[in-house]
Amino acid sequence: MEEKKPIDFHQYRANVKKKRFENKKFFDNAQRKRPKNIDSHIQDLHEEVFENTNCLDCGNCCKTTPSMVNNRDVKRIAKYLGLTQGEFSEKYLAVDEDDDTVFRITPCVFLDKENNECTIYEVRPKACREYPHTDEHKVSLDIMRRNVGVCPAVYQITEKLKRVYIDELKKK
Ligand code: SF4
Ligand code: SF4
14 MEEKKPIDFH
24 QYRANVKKKR
34 FENKKFFDNA
44 QRKRPKNIDS
54 HIQDLHEEVF
64 ENTNCLDCGN
74 CCKTTPSMVN
84 NRDVKRIAKY
94 LGLTQGEFSE
104 KYLAVDEDDD
114 TVFRITPCVF
124 LDKENNECTI
134 YEVRPKACRE
144 YPHTDEHKVS
154 LDIMRRNVGV
164 CPAVYQITEK
174 LKRVYIDELK
184 KK
């Protein structure tokens, strides 16, 4: 199997900055006009990009973005940790400005910073399992736009997606 290339974070951050206005324009147009096949294109690009992405080289989502935690997650993770749901919530959770329940601390306390592994991987929250949400049936372009600066894979998916759509979106 082909070896996955390590992520060049310096280059990634510089690229995110450089492409900020171009990406804003692209996502504004894509959200307004929502091309017909955009979800299937994104899902295909998700497969292609993640085939060559090693999340254990990165961990940027766990380091920078407090994950949402729903009631079922609380039940499952509390049980796994041998805590009551109340104890777990008190110790690890907070309510953010959008009224969502999220992990209180970033980087996530369950991230092993030595190797970027999740120490509660089997019972991690649904939002962590589904991150970065680019293989969903209907992809949220708003979430995708926000994740360009968090997830190097989403950055690459976006770059490839622009090549497919940028001319079409200009015409409409
Ligand atoms: S629970 Fe695991 S996957 Fe979710 S943010 Fe924390 S370390 Fe990352
Ligand atoms: S930010 Fe993206 S590439 Fe990095 S660990 Fe998270 S999902 Fe994987």
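In the numbering used here, the protein residues as written are 14 to 185.
The beta carbon of each residue, even a glycine, is placed where N, CA and C say it ideally should be.
Just the Cα atoms here: how many angstroms apart are leucine 174 and proline 19? 22 Å
Who are the Cβ neighbours of arginine 89 in its own chain at under 6 Å, not counting the five residues just before and after it? Val136
Under the three-state reduction of DSSP, which class applies to cysteine 164: helix, strand or coil? coil
Straight-line CA distance for histidine 150 to glutamate 143? 12 Å
Please list the terminal residues of the continuous alpha helix (DSSP H) segment that includes phenylalanine 40. 33-46
Grab the span of the beta strand (DSSP E) containing phenylalanine 101 for me, first residue to last. Segment 98-105 is the alpha helix (DSSP H) holding phenylalanine 101; no beta strand (DSSP E) there.
Rounded C-beta distance between phenylalanine 101 and valine 87? I'm assuming under 8 Å. 6 Å
Taking arginine 47 as the reference, give the member of Asp155, Asn83, Ile170 with the closest Cα. Asp155
As an exercise, report each continuous beta strand (DSSP E) stretch of at least 3 residues that is fully enclosed by the stretch 71-159, in chain order. 106-108, 114-116
Measure the beta-carbon distance from cysteine 164 to asparagine 65 and round it to whole angstroms, keeping in mind my assumption that it falls under 8 Å. Going by Cβ atoms, the distance from cysteine 164 to asparagine 65 rounds to 14 Å, so no, they are not a contact pair.
Take aspartate 112 as the anchor and find which of Cys141, Met81, Pro138 has the nearest alpha-carbon. Met81
Exposed or buried, which one is threonine 132 when buried takes at least 16 other CB atoms within 10 Å? exposed
Proximity winner among Glu172, Phe39, Ala166, relative to glutamate 60 (alpha-carbon distances): Ala166
Which listed residue (Glu172, Asp180, Arg158, Pro145) has its alpha carbon closest to that of cysteine 75: Pro145
Please state whether DSSP places threonine 66 in a helix, a strand or coil. coil
Is there at least one non-hydrogen atom of ligand 1 closer than 7 Å to the beta-carbon of isoleucine 133? yes
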